[in-house]
Amino acid sequence: MTTVNTKMNRRSFLKASALAGGGMMLSFSWLAGCKPTEEEVLGMPKEWFELNSYIKIGENGAVTLYSPNPEFGSNVKTSMPMILAEELDTDWKNVFVEQADFWPTRIERQFTGGSQGIRQGWTPLRTAGATARAMLIAAAAQTWNVPTTEITTSAGIIEHKGSGKKAHYGEVASLAATIEVPEEVTLKEISSFKIVGNSKKNVDGAKIVTGKPLFGIDHKVEGMKYAAIVHPPAFGMKLKSFDKSSVSSMSGIMDVFSINLFKDDYGRNFFDTTTFPEIIAIVGNSTWEVMQAKKSLVVEWDNAPESSFEVAGFGGRGNSKVTVPAGLENTNRHKERMAEYIQKPGNVVRRDGDPEGMFKKAAKIIEKTYNAPFLAHNTMEPMNCFADVKGDRAVIYGPTQAPEFIANTLASSLGIPKENIQINLARMGGGFGRRAYSHHMTEAALISQKIQAPVKMVYTREDDMSAGVYRPTYSATYRAALDENNNLLALHVKAGGIPETPLHANRFPAGAIDNYLAEAWQIESNITIGAFRAPRSNFIAAAEQSFLDELAEVMGKDPIEFRLELLKRAETNPVGQNNDYDAKRYAGVLELVREKSNWNAPAAGVHRGVSAYFCHNSYVAEVVDTQIVDSKPVVEKVYAAVDCGVVINPDAATNMGEGAIIDGIGNAFFGELTFENGVPNKTNFDKYRMIRQKEAPKSIEIHFVDSKEDPTGLGEPFFPPVFAALANSLYKATGKRYYEQPFAPQLEMENLKM
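Residue numbers (this note's numbering): 1 to 754.
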């Protein structure tokens, strides 16, 4: 058993809970949303008793568990309550699950992103469940006048075997709510888990497939107005003036005005990224009417001057200065500048041994450059937000990954105390990092404050794609020095992008090569970028793993065996002290995917590629099987091996992997956004090509390493390896290496149609 001192963890899960007082919990605005599911056998209780910020229990034994983090498809709304239920030792069929709204005084880190939700919540959620269970046991012991050590629990039933007494949790919940929080609690052994590790259906599944209101875009209130925004038509431009009279007489139009998102003295946080802080709002009686007015509004734009601002670092990192250069940028010029930077010395971020000396004495040098374009997030649900600002109070409802960050921005922009702003969390129709940048919430709130009425603001697809928060464009050059016997002497990577570098200098193969050099560079831009599923890793993994495959071929080695040799060196005799991966676990997923895919015996006509990567604290190896059918590459099957520690909900984990793999294949084949004079060349799905159902792999087979390690990331680690696994597979199928993303245009040039 694991004993946890709850004094050390109270701030994580009990902040400001009035546990000593107990009694009915009536202050939760979500209570009316509790509805029994098909699996539940208990009806709605008459009374609820709160045990901590995550748990309340009804007098009939029903349990409501609050999922703290926003849900955008990673299934945290099911998996987080599963952790609570496991340590509470209740029966899952008697559980109600509710989305907790933003509640910073009582719940910490209500942030969904970085594949850290389960990892960060693992111990606090377990402790919260175990603490509530201990309080229920103490209440039963007090009632029955027996020692707590003689009481056991199972599936929501408390039992004292010596006296034969039993009770369900609801019978002692009222008293338990008055029990003092114990100093220490004992967590279960992982081997005894009954809920965690066993698949549970998505708690919102029935509502999703039957179209029940769950998303921000579904929300309506009496008297609500509708708003659209108008932003500059190009990066590098700003608002000069507009003619309100050009649309004021149109049907249903209430008002047109400009808003500025940030106060002049406001210090931006990490997610306050937007190139267009000043926009125009059009408000009216319906979405259709404001959209029509948007088309007719007469606006003058001007070139924006260079500007700069301070941004607070993420996760406690220091502030940094962001420079937004003037000018209208072009993709062709971007490519020219990146090619120039490749030839210049970069910022050396790691050097092991004497790489420069080894390159001078090398018998052979392999050098390859890899490039990838800007990408759009394209969440299926358009960006939207409901806001109702009245006086010094505000209610915000909408999709956001990072309520704790936007709360500060809202408080500053509205001039309202942070504690007077209630952010209610909608289920997100996709996130991928885009909804961590929640300026849509500030926009809606400022519009509501201006018109003194509730409002729902909705972006069009064109709004988001033309003023988006994009995945940067990247470039990386890899060089390898070989001796006359094709032994690897040194490796050099120089990687950068616009406007950030993708380089992770201390990841594999760093630590596995005696002579290693890593250099970084970046070019400033006024095009807004931000976190995109597995930030930076989504590109650098593709470049690194493609290069290792080509290097293995030159060296005459099997691609998997070559990687395993490097990892063995990193495990037994690592180079350097700052390697941020576990070489043994890394090798484990490669060995597992080799076994499960039967790597050395592919079916006739199957062309295989492999890739493996470590990110978000997890290890993933993937094998992609491709065939050429009617002169067209077809992805037949993908095998994935994953080491992410304890798997909470296996079916949901598999679904996440499948989604990430398909998403990665789609982006690798088709994803591309270019710019001409600051204007993106694609603003909707008629031009921005997404993967289609018939292009998805025919089969995806996912295998999890059986592990007792604490859980790590899962939503993102599946994504980076698939780019290179696909590229390496295509090489086997076509005989050509692919150094530029996306791959589809090159395949079409080769008469292999996509």
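Note that CB positions come from ideal geometry on N, CA and C, so glycine has one too.
Point to revise | CB of I280 within 7 Å of CB of F235, strictly | key: Contact flag unset, no.
**Study point:** Residues near F670 in its chain [Cβ-Cβ closer than 6 Å; skip 5 each side]
**Key:** Cβ within range, chain order: R689, P742 and A744.
Check your understanding: Looking only at DSSP bridge pairs, what is D483 linked to?
Key -> BP columns for D483 are empty, so no partner.
Exercise for review: Starting from the C-beta of P45, find all residues in its chain whose C-beta is less than 6 Å away, skip the five residues before and the five after it, and write them out in chain order.
Suggested key: So the qualifying residues of the chain are G58, E59, N60 and A62.
Review point. My guess is that K225 and A453 are in contact by the Cβ rule of under 8 Å, so how many angstroms apart are they, rounded?
Key: Indeed, because the Cβ distance is near 5 Å, the residues count as touching under 8 Å.
Review point. Do the segment 538-556 and the segment 393-408 meet, that is, are 3 or more Cβ pairs less than 8 Å apart?
Key: Inter-segment contact for the segment 538-556 and the segment 393-408 is absent: fewer than three beta-carbon pairs are separated by less than 8 Å.
Check your understanding: Would you say G252 and S286 are within 7 Å of each other, going by their C-beta atoms?
Key -> The Cβ atoms of G252 and S286 sit closer than 7 Å to each other.
Review point. For the putative contact between L673 and P325, defined by C-beta atoms under 8 Å, what is the C-beta separation to the nearest angstrom?
Key: Rounded to whole angstroms, the Cβ separation of L673 and P325 is 19 Å, and the two are not in contact under 8 Å.
Exercise for review: Starting from the C-beta of N728, find all residues in its chain whose C-beta is less than 6 Å away, skip the five residues before and the five after it, and write them out in chain order.
Suggested key: Cβ-Cβ distances below 6 Å link N728 to D549 and G609 in the same chain, with the five nearest sequence neighbours on each side left out; the list follows chain order.
Review point. In terms of alpha-carbon separation, which member of S53, S546, T143 and V575 lies closest to F102?
Key: Scanning S53, S546, T143 and V575 for the CA closest to the CA of F102 turns up S53.
Check your understanding: What is the DSSP secondary structure of D272, reduced to helix, strand or coil?
Key -> D272: coil per DSSP, three-state reduction.
Practice item. Please state whether DSSP places M291 in a helix, a strand or coil. Key: Helix at M291.
Exercise for review: Go ahead and pull the three-state DSSP assignment for M690.
Suggested key: The three-state reading of DSSP puts M690 in coil, since its state is none of H, G, I, E or B.
Review point. For the beta strand (DSSP E) that contains R801, what are its first and last residues?
Key: Because the chain spans 1 through 754 in this model, residue 801 falls outside it and cannot be assessed.
Practice item. Please determine, among K56, E86 and R133, the residue with the shortest C-alpha to C-alpha distance to A100. Key: Selected option, being the one with the closest Cα: K56.
Check your understanding: How far does the beta strand (DSSP E) with S611 in it reach, from first residue to last?
Key -> Per DSSP, S611 is one residue of the beta strand (DSSP E) stretching across H607 to C615.
Exercise for review: Name the residue from N485, N506 and T409 whose alpha carbon lies nearest to the alpha carbon of V348.
Suggested key: With distances taken between Cα atoms, V348 lies closest to N506.
Check your understanding: Alpha carbon to alpha carbon, what distance is there between Y731 and T105?
Key -> T105 and Y731 have their alpha carbons spaced roughly 54 Å apart.
Review point. Which value, in whole angstroms, describes the spacing of the CA atoms of R337 and I529?
Key: Here the alpha carbons of I529 and R337 stand approximately 18 Å from one another.
Check your understanding: Are the beta-carbon atoms belonging to V593 and A570 less than 7 Å from one another?
Key -> No Cβ-Cβ contact shorter than 7 Å links V593 with A570.
Check your understanding: Between M383 and N515, is the Cβ-Cβ spacing less than 7 Å?
Key -> Not in contact: M383 and N515 (Cβ atoms no closer than 7 Å).
Practice item. Note down the Cα distance separating G21 from A304, rounded to an integer number of angstroms. Key: In this predicted model, G21 has a pLDDT of only 32, less than 50, meaning its place in the structure is not dependable enough to derive any value.
Review point. Quick one, which of G430, S296 and E544 has its alpha-carbon nearest H492's?
Key: Closest option to H492, judged by alpha-carbon separation, among G430, S296 and E544: E544.
Review point. How far does the alpha helix (DSSP H) with L375 in it reach, from first residue to last?
Key: Per DSSP, L375 belongs to no alpha helix (DSSP H) and is neither H nor E.
Check your understanding: Among E189, G433, P124 and T331, which residue has its Cα nearest to the Cα of R109?
Key -> Residue P124 is the option with its Cα nearest to R109.
Review point. Since L239 and P232 are thought to touch, with beta carbons under 8 Å apart, how far apart are those beta carbons, to the nearest angstrom?
Key: Rounded, the Cβ-Cβ distance is 7 Å, consistent with contact.
Point to revise | Distance between beta carbons of V589 and Y619, contact taken as under 8 Å | key: About 5 Å separates the Cβ atoms of Y619 and V589, confirming a contact at the 8 Å cut-off.
Exercise for review: Given a cut-off of 7 Å, decide if R471 and F532 are closer than it, judged by their beta-carbon atoms.
Suggested key: Against a cut-off of 7 Å, the Cβ pair of R471 and F532 comes out as a contact.
Point to revise | E519 to A534 span [Cα, whole Å] | key: Linking E519 to A534 through their CA atoms gives a straight-line distance of about 21 Å.
Review point. Going by C-alpha distance, which of Y370, V642, A167 and N424 is nearest F547?
Key: Ranking the options by Cα distance to F547, first place goes to Y370.
Check your understanding: Which word fits A604, buried or exposed, when buried means at least 16 other C-beta atoms lie within 10 angstroms of its C-beta?
Key -> If you draw a 10 Å sphere on the C-beta of A604, you find fewer than 16 other C-beta atoms in it, and that means exposed.
Check your understanding: Excluding the five sequence neighbours on either side, which residues of its own chain have a C-beta within less than 7 Å of the C-beta of F276, listed in chain order?
Key -> Within the same chain, Cβ atoms closer than 7 Å to the Cβ of F276 are found at H231, P232 and A467, the five residues on either side in sequence being excluded.
Review point. CB M465 to CB G430, shorter than 7 Å?
Key: No Cβ-Cβ contact shorter than 7 Å links M465 with G430.
Practice item. Note down the Cα distance separating E716 from L175, rounded to an integer number of angstroms. Key: Spanning the alpha carbons of E716 and L175 requires a straight line of approximately 43 Å.
Check your understanding: Which term fits M749, buried or exposed, when burial requires 16 or more other beta carbons within 10 angstroms of its beta carbon?
Key -> Counting Cβ neighbours within 10 Å, M749 comes out exposed, since fewer than 16 surround it.
Practice item. Check S53 in the structure and name its three-state DSSP category. Key: S53: coil per DSSP, three-state reduction.
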